[in-house]
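First the structure, in the form of structure tokens, and then the observations on it.
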Amino acid sequence: MTGEPLRVPLRADVLLHLPIVLAASSSGMGGGSGAIAPGFMGVTLLCVGKLRERYYADAAAEYVKRLRRLMPVTLAEVPDESEPAKPLAVLQERVLRREGDRILSYIAQGVYVIALCAEGAQWTSPEFADKLQGLFTRGKSDVTFVIGGSLGLHEDVLNRADERLSMGRLTFPHTLARVMLLEQLFRAAKINAGERYHK
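If you use this note's numbering, the sequence shown corresponds to residues 3 to 201, in order.
What follows is the structure, given as structure tokens:
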């Protein structure tokens with residue numbers, strides 16, 4: 003599905019952006035009408051590949067449902083490439099570049115991008131909440147978090163990012179990282195709303 007996120011009234015002063023899936027073509031030419039463009043105060047998760055495991059998909063859906071009450075959120079997916087049978091650098095670079103081209107084709111100018119990668123900054127949950135609130139306060143109303151595939155993110159995507167975020171020094175599957183990020187977004191939204199959250 004491509005096009006603008008579906009919007010339905012939540013309250014008189016709030017529009018809820020229901021999560022949708024944006025699928026780029028396998029050739030990577032997925033821009034145009036499907037591009038993530040500025041225009042609303044909320045977050046987008048732009049991910050490589052689908053959540054094929056039911057337990058990850060269920061967990062992600064649950065946190066999206068909880069987030070809807072506090073913050074507009076959009077999910078976007080671009081197709082992943084098959085991991086090379088041999089761990090050759092040239093083959094891995096080809097995979098990363100193809101996936102990276104698809105990611106970049108969906109990011110419009112003006113969108114604030116935070117890429118998840120091992121060398122990124124590590125924030126506590128209150129720091130993460132402060133970061134989001136600070137971005138929105140400074141007018142960065144469109145924040146896109148990018149999660150790569152099994153090989154990570156291409157250098158071009160990392161260079162496009164305004165900031166880089168790490169989930170910690172441990173290694174996690176990229177599919178689990180999506181669930182973890184959604185949980186932290188929900189936690190940050192609760193903190194910023196002045197609600198109780200589990201420490």
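Cβ atoms here follow ideal geometry from the backbone N, Cα and C, with glycine treated the same way.
Per DSSP, E55 lies in no beta strand (DSSP E) and is assigned neither H nor E. By a beta-carbon distance limit of 8 Å, V75 contacts V45. Their separation comes to about 6 Å. Taken through DSSP and simplified to helix, strand or coil, D82 comes out as coil. In chain order, A117, C119, G122 place their CB closer than 6 Å to the CB of R166, counting only its own chain and leaving out the 5 sequence neighbours on each side. For the 8 Å CB-CB criterion, I149 and A179 form a contact. Setting aside the 5 residues that flank it on each side, A62 is surrounded in the same chain by L53, R180, V181, L184, each with a C-beta closer than 7 Å to its C-beta; the list follows chain order.
Here L47 has L77, F147 as same chain residues with Cβ atoms under 6 Å from its own Cβ, once five neighbours each way along the sequence are excluded. Between the alpha carbons of S127 and E64 lies a distance of about 19 Å. For E197, the three-state secondary structure derived from DSSP is coil. Between L69 and L187, the C-beta spacing is below 8 Å. Setting aside the 5 residues that flank it on each side, L137 is surrounded in the same chain by Y114, V145, each with a C-beta closer than 7 Å to its C-beta; the list follows chain order.
Under the three-state reduction of DSSP output, Y114 falls in the strand class. The three-state reading of DSSP puts F147 in strand, counting E and B together.
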